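Take a look at the structure set out below.
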Amino acid sequence: MEYVALQLFNGLANGSFYALLSLGLAVIFGVLRVVNFAHGAFYMLGAFGAYLLLQDFSVGFWPALAIAPLAIGVAAMGLERLLIRRLYGLDPLYNFLLTFGLTLIIQDGMRLRFGLQGQPYPAPAELGGSLSLGPVGYPVYRLFVIVFSLAVCVLVWYLIERTRVGMVVRASTERPELTRALGINVDRWVTPVFGFGVALAALGGVLAAPMRNVSPLMGSELIIFTFAVVVIGGMGSIVGAVVAGFLVGILASLAAVFDPALENVLAFALMAVVLLVRPAGLFGSVDRT
Amino acid sequence: MQRTIALLVATLVLAAGCGGGNVGPGGGAVKLNDGKLVIAVINDQSGVYADLSGKNAVEAVKMAVEDFKAKYGENSLGGPVEVITADHQNKPDVASAKAQEFYERNAADLILDVPTSSAALGIAKVALDQKKLYINVTAATTDLTGASCNKYTFHYAYDTYMLAQGTGITVTQQGGKSWYIIYPNYAFGQDMEKSFRQAVIGAGGNVIQSDGSPFPNTTGDFSSLLLKAGQLKPQVLGAMQAGGDLVNVVKQYNEFKLKDQNIKLAIGLLFDTDITALGQDAFAGTLYTTPWLWSMDDQSRQFADKFLKRTGIRPTFAHAGNYSAAWQYMEAVRRGGTDDADAVVKQLEGYKFNDFFIRNGVVRADDHWVMHDALIAQVKPKSEAKEQFDYSKVVGTLSAEKASRPLADGGCKMPK
């Protein structure tokens, strides 16, 4: 029984990553109508950012938690200006292909430089211990990841639902023409929103570095899973992305109690069921997409 | 003028080599069926096993060809030697299709390397159909010399039996009596689980439980299995994952602090590249079995120095094994005076040899397992490393006899 209870924590920790990644995807899709396939690559860059900061500049985990997402977010804004922007007028498939191509370039570029095997990255010393929860110790770092990501998710939700900036962003998402007619410069928000979404992915990457193998492939392995989460939550739905992220994390971990193989399958089975019962996703509304 | 003469001589030599009469076996000149020798390296060049063998294994084979020519002369094999290569992406169907293509269309005389047991077994079938040579270096499954053995397939460097005999028995005898085994759920992992279970029980220990993990593991998460280990409280957690999966397991084993709960970690298969990925100290003290270490003696060091100059890293045993296997194959072609597959098989069967990689080697004729000594190694803490890549020290040797599965246990019935 304690084992099952502790599995819940594992589920929450895994869910934290799904939530952060799908949250970024949802924000970007909501405003730009771009399915950002390169999201996994940015997550990987976040982890490598943390690694390089430590390796080459002796910058530790805490500063890296801010620096890496900022730097990668800014770089992504450049990318949006340079490439992604040009394809808005076309079928969304074009941007999907563009970001897919970018993924391959980023991934193979990193592979050329670092190889595939992965790079070492230690957990910060303050969080290195383990907390006694019942019969076994549970890593403090994982508990931190859960709390931290939850806080970030709440913050993003607040930013979008309760502030003026968020209101403008939401308005430009739902009725771009009407918003423009009210004298608001919608296009101004497109680039920062993309950068923000990508920064969330990079943040996930930094968080993952102490507990996952820091390898160029870490993103491509996770992104497919994340897409399933986004579909379950409802494309473009902020709350949906977060809830579905944690939900899939928990359910997959509980399924692993019965059979470890189920952990990988569950998200996709769930996605199929959701698509059958509620095609717009748990929190999606049909008219928005 | 001098160049013209040299050219003339070369042409004459070529003519003698290719069309110049029938020279008997061992008589010096080699007669090749299609005028050239083609060695194909099929391995993982993009996935989890790309670093431990991959492109650098191809480099190792090229080095062997160059060194062979430098030693015996440019035309010692009766024609040019080509090295071709393909990425099998760890997929058995891709591996088999590539093998078929190489044997048929590219006139490959030999296929080398092939990590990922399921892909390795697929190619064994193709080799038998095509009646062409296949020396496997990097796959671990004992089925290559057991249920799936055949006349054209050889297993060169190591197998799960060797790893279990070394690590399983040593750790159990040192007091790690109760084991919880986790393994990647495909041919390699299942075979590892079986071999380790036998070895542990044979040495007086017991296996409390074993669990398979998905392969490939897309989430990179092994926490549910590690949590279970914390509950079961075995003395030893036997991790049979390899490559990137193993790195994740060890990283999370350290994260869950299982060592502080007196659960020792035993690793089934460890490559130097895994140690690079996690840092030496994450593995310090770990015992493991390996057919070869680059720092084991001067002979090996010599090869490792050349390899480092060429690739920028120290060779794993897979790199060294590919060099050695390519070399011994060329030796066999030279001895037999032909690249005819059946003749080369005859040359290899029962052959006794030593080189920098293989010690006390015998090619067992009945199942084509290459018997040789294995090493018990231990990862040193970083403070003891004298240079980069100086990860491990040898703490014992497993004799060829002990490292090889008894013939009767394999159940190899060589198809004629």
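Residue numbers (the numbering used here), protein chains in the order written: chain A, 1055 to 1343; chain B, 17 to 432. We treat Cβ as the ideally placed atom computed from N, Cα and C, and that holds for glycine. Remember, it's a predicted structure, so these values are computed and weren't measured experimentally.
Nearest-angstrom beta carbon gap, residue j and residue i [assumed within contact, 8 angstroms]
i, j, result
"A123(B)", "V54(B)", "5 angstroms"
"L285(B)", "L179(B)", "6 angstroms"
"F204(B)", "S133(B)", "4 angstroms"
"D173(B)", "P307(B)", "Going by the sequence as given, residue 173(B) is Ala instead of Asp. The Cβ separation is near 5 angstroms, so the contact holds."
"F1300(A)", "G1084(A)", "Rounded, the Cβ-Cβ distance is 19 angstroms, inconsistent with contact."
"Q1171(A)", "A293(B)", "4 angstroms"
"D297(B)", "K398(B)", "5 angstroms"
"T305(B)", "L414(B)", "7 angstroms"
"M1265(A)", "Q277(B)", "Their Cβ separation, rounded to whole angstroms, is 18 angstroms, which puts M1265(A) and Q277(B) out of contact at 8 angstroms."
Minimum C-alpha distance to residue i - residue among the options
i, options, result
"L1336(A)", "F1248(A), G1191(A) and G1290(A)", "G1290(A)"
"L1310(A)", "V252(B), K267(B) and D227(B)", "As written in the sequence, residue 1310(A) is Ala, which differs from the Leu given in the question. The residue with the shortest Cα to Cα distance from A1310(A) is D227(B)."
"N49(B)", "K167(B), G353(B), V263(B) and I100(B)", "G353(B)"
"I1138(A)", "A1120(A), V1319(A), A1092(A) and G1163(A)", "A1092(A)"
"P422(B)", "D175(B), H335(B) and K148(B)", "D175(B)"
"Q189(B)", "V252(B), Y196(B), K78(B) and K325(B)", "V252(B)"
"D321(B)", "Q296(B), A298(B), D60(B) and Q404(B)", "Q404(B)"
"E1134(A)", "A1315(A), S1274(A) and G1251(A)", "G1251(A)"
"L1166(A)", "H104(B), T413(B), A66(B) and Y177(B)", "A66(B)"
"K114(B)", "G95(B), P96(B), A135(B) and G94(B)", "A135(B)"
"L1107(A)", "F1096(A), N1267(A), A1120(A) and Y1097(A)", "A1120(A)"
"A1073(A)", "F1322(A), P1270(A), F1281(A) and L1308(A)", "F1281(A)"
"M1098(A)", "G1069(A), Q1061(A) and G1163(A)", "G1163(A)"
"A1080(A)", "L1271(A), L1254(A) and N1267(A)", "L1254(A)"
"D125(B)", "K402(B), Y407(B), V361(B) and V223(B)", "V361(B)"
"A390(B)", "F373(B), V379(B) and E400(B)", "F373(B)"
"Y196(B)", "K267(B), G182(B), F212(B) and A416(B)", "F212(B)"
"E1056(A)", "F231(B), G246(B), A258(B) and K107(B)", "G246(B)"
Any chain B beta carbon closer than 9 angstroms to residue i
i, result
"I1200(A)", "no"
"Y1057(A)", "yes"
"Y1192(A)", "yes"
"G1288(A)", "no"
"Q1173(A)", "yes"
"E1317(A)", "yes"
"G1114(A)", "no"
"W1098(A)", "A quick correction: the sequence has Met, not Trp, at residue 1098(A). Closer than 9 angstroms: no."
"R1342(A)", "Bear in mind that the predicted position of R1342(A) carries a pLDDT of just 45, short of 50, making it unreliable; the figure below should be weighed with that in mind. R1342(A) does not count as touching chain B."
"P1178(A)", "no"
"V1285(A)", "no"
Identity of the residues DSSP links to residue i by a beta bridge
i, result
"K280(B)", "V252(B)"
"D129(B)", "I58(B) and N152(B)"
"M387(B)", "V378(B)"
"Y1192(A)", "L1185(A)"
"P200(B)", "S229(B)"
"N222(B)", "S194(B)"
"Q394(B)", "L303(B) and K409(B)"
"E434(B)", "Residue 434(B) cannot be examined here, being either before or after the span of chain B that is shown, 17 to 432."
Distance between residue j and residue i (C-alpha atoms, nearest Å)
i, j, result
"K429(B)", "I291(B)", "39 angstroms"
"G43(B)", "E347(B)", "At G43(B), the pLDDT of 43 sits below 50, so the modelled position is not reliable and the matter cannot be decided from this model."
"K396(B)", "E1317(A)", "35 angstroms"
"P331(B)", "V1284(A)", "43 angstroms"
"P1246(A)", "R1218(A)", "15 angstroms"
"G1078(A)", "F1202(A)", "16 angstroms"
"A1326(A)", "S340(B)", "51 angstroms"
"N1302(A)", "S1076(A)", "Residue 1302(A) is actually Val in this sequence, not Asn. So the alpha carbons of these two residues sit roughly 12 angstroms apart."
"L241(B)", "G1127(A)", "35 angstroms"
"V1199(A)", "L274(B)", "20 angstroms"
"G40(B)", "D358(B)", "Confidence is the limiting factor: at G40(B) the pLDDT is only 38, short of 50, which leaves the residue's position unreliable, though a coordinate-based value still follows. About 16 angstroms."
"G1182(A)", "M387(B)", "45 angstroms"
"L1141(A)", "A1306(A)", "37 angstroms"
"F1006(A)", "A1235(A)", "Absent from the model: residue 1006(A). The displayed extent of chain A is 1055 to 1343, so no value can be given."
"A282(B)", "V349(B)", "41 angstroms"
"G37(B)", "G218(B)", "In this predicted model, G37(B) has a pLDDT of only 35, less than 50, meaning its place in the structure is not dependable enough to derive any value."
"V1088(A)", "V1244(A)", "11 angstroms"
"A1122(A)", "A1256(A)", "7 angstroms"
"Y119(B)", "H335(B)", "23 angstroms"
"G1065(A)", "L1308(A)", "7 angstroms"
Closer than 9 angstroms to chain A by CB, residue i
i, result
"T154(B)", "no"
"Q268(B)", "yes"
"K244(B)", "yes"
"N264(B)", "yes"
"C428(B)", "no"
"G301(B)", "no"
Contacts of residue i in chain D (Cβ-Cβ under 7 angstroms)
i, result
"G236(B)", "Among the protein chains in the structure shown, which are A and B, there is no chain D."
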